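Data block below; observations after.
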Amino acid sequence: MELYDKANELAKAIQNCKEYVELVEAGKVLAEDEKTAHLVQDFLIMQAQLAYAESMGNKPIRKKIEQLNRMAEQLRKNETAMAYLQKYNRWQAMAGEVYQVIQNAMAEGMSILDK
């Protein structure tokens with residue numbers, strides 16, 4: 002049970018984390034502008050799709066990269082979008098590091114998959 006207790010502590014720590022709280026607040030502000038919120042969502046989805054395709058060994062499609070760049074240019078002109086994306090990127094980096102710590106702690110038990 003101690004592991005579950007620690008997991009619940011981690012969940013509370015996440016919810017109280019300054020970077021996470023700022024992301025949630027920026028998300029609320031972003032949600033007030035539906036058009037910008039959709040643009041940010043589309044941008045993040047396309048960015049993830051391109052990253053996934055690249056990780057699978059596929060070369061990014063030039064047309065998609067150009068589209069992503071056009072979207073990024075639009076977003077750069079929007080303070081609300083940029084504020085959200087900055088907080089989103091900061092949180093993603095932090096969450097990734099936390100996930101890596103957890104993954105490393107479980108690595109030995111998963112080592113059979115390395116063969």
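Using this note's numbering, read the sequence shown as starting at 2 and increasing by one per residue. In this text, a Cβ means the ideal position worked out from N, Cα and C, and glycines have one as well. The model shown is predicted, which means the values in this text are computed figures rather than measured ones.
Which of the three DSSP states is assigned to residue i in this structure?
{"i": "N17", "result": "helix"}
{"i": "I103", "result": "helix"}
{"i": "K65", "result": "helix"}
{"i": "G97", "result": "helix"}
{"i": "E55", "result": "helix"}
{"i": "D34", "result": "coil"}
{"i": "M2", "result": "coil"}
{"i": "K7", "result": "helix"}
{"i": "A12", "result": "helix"}
{"i": "K88", "result": "helix"}
{"i": "N79", "result": "coil"}
Buried or exposed: where does residue i fall if 16 or more other Cβ atoms within 10 Å of its Cβ makes it buried?
{"i": "A108", "result": "exposed"}
{"i": "L31", "result": "buried"}
{"i": "V41", "result": "buried"}
Quick one: Cα of residue i to Cα of residue j, how far?
{"i": "V25", "j": "K78", "result": "22 Å"}
{"i": "Q50", "j": "E98", "result": "21 Å"}
{"i": "E35", "j": "Y53", "result": "27 Å"}
{"i": "Q75", "j": "R63", "result": "19 Å"}
{"i": "L69", "j": "H39", "result": "14 Å"}
{"i": "E23", "j": "K88", "result": "7 Å"}
{"i": "A84", "j": "R91", "result": "11 Å"}
{"i": "V102", "j": "A96", "result": "10 Å"}
{"i": "M47", "j": "K65", "result": "8 Å"}
Have a look at the options and flag the residue whose alpha-carbon is nearest the alpha-carbon of residue i.
{"i": "A94", "options": "A14, L69, Y21, E80", "result": "Y21"}
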